[in-house]
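Notes follow once the structure below has been shown.
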Amino acid sequence: MSTSNTPNNPWAPLTAMNPWFDASQPLLNWWAEQGTQAIQPFAKVQQAWMESMSQAMQAEMQFFQAITESHEKMAKCMMNASGSPESNRDMADCYQEVVQTLADAQMTRLHKASELSHEFRRSLWEEL
155 MSTSNTPNNP WAPLTAMNPW FDASQPLLNW WAEQGTQAIQ PFAKVQQAWM ESMSQAMQAE
215 MQFFQAITES HEKMAKCMMN ASGSPESNRD MADCYQEVVQ TLADAQMTRL HKASELSHEF
275 RRSLWEEL
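Structure, rendered in structure tokens:
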């Protein structure tokens, strides 16, 4: 079937002017298909990179949230301190708890960062 006779053919003006265009249509279709197939792996790698960056940003936001909550807790402890020895012990306990919370948040952050690197490398090699 000739492509010049098909309705809504975008190549109709070319086939009318150049009869050889009908003969080269399969080659042009093959060439266009090869071009899109070559781009797909790069798009998948970029998608994997974007997903990794999204996970990294989520981990950072969780860490910042832990910092904010720790600062709020420390501020409450300071406001409730009266200067008595018992109050000073409570303040020290509060400080130790805040420091432990921040240390745990930092360890979680580092663990997620190490997994992120491994996951990105794995997804990159799967696409290549």
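Residue 155 is where the sequence shown starts when you use the working numbering, and the numbers rise one by one after that. Ideal Cβ positions, reconstructed from N, Cα and C, are used throughout, including at glycine.
Backbone CA spacing between residue i and residue j [nearest angstrom]
i, j, result
"residue 186", "residue 258", "53 Å"
"residue 188", "residue 266", "38 Å"
"residue 274", "residue 202", "7 Å"
"residue 269", "residue 184", "41 Å"
"residue 204", "residue 221", "26 Å"
"residue 192", "residue 212", "32 Å"
"residue 239", "residue 226", "23 Å"
6 Å CB neighbourhood of residue i in its chain, flanking five on each side removed
i, result
"residue 241", "235"
"residue 108", "With the chain running from 155 to 282 in the structure shown, residue 108 is simply not present."
Contact set for residue i: own chain, Cβ-Cβ below 8 Å, skip 5 residues either direction
i, result
"residue 217", "259, 260, 262, 263"
"residue 228", "248, 249, 252"
"residue 245", "231, 232, 235"
"residue 182", "none"
"residue 206", "270, 273, 274, 277"
"residue 214", "263"
Residues of its chain near residue i, where Cβ-Cβ distance is below 7 Å and the 5 sequence neighbours each way are ignored
i, result
"residue 224", "252, 255, 256"
"residue 277", "202"
Per-residue burial, residue i [other beta carbons within 10 Å of its own, 16 or more giving buried]
i, result
"residue 156", "Any answer about residue 156 is weak, because its pLDDT of 46 lies below 50 and its placement is not dependable; what the coordinates show is given next. By the 10 Å Cβ count, residue 156 comes out exposed."
Given 8 Å, three or more beta-carbon pairs between the stretch 192-208 and the stretch 246-258: Judged by Cβ distances under 8 Å, the stretch 192-208 makes no contact with the stretch 246-258, as fewer than three pairs qualify.
Contained beta strand (DSSP E) runs [length at least 3] in the stretch 212-249, N- to C-terminal order: Secondary structure remark: continuous beta strand (DSSP E) runs of at least 3 residues inside the stretch 212-249: none found.
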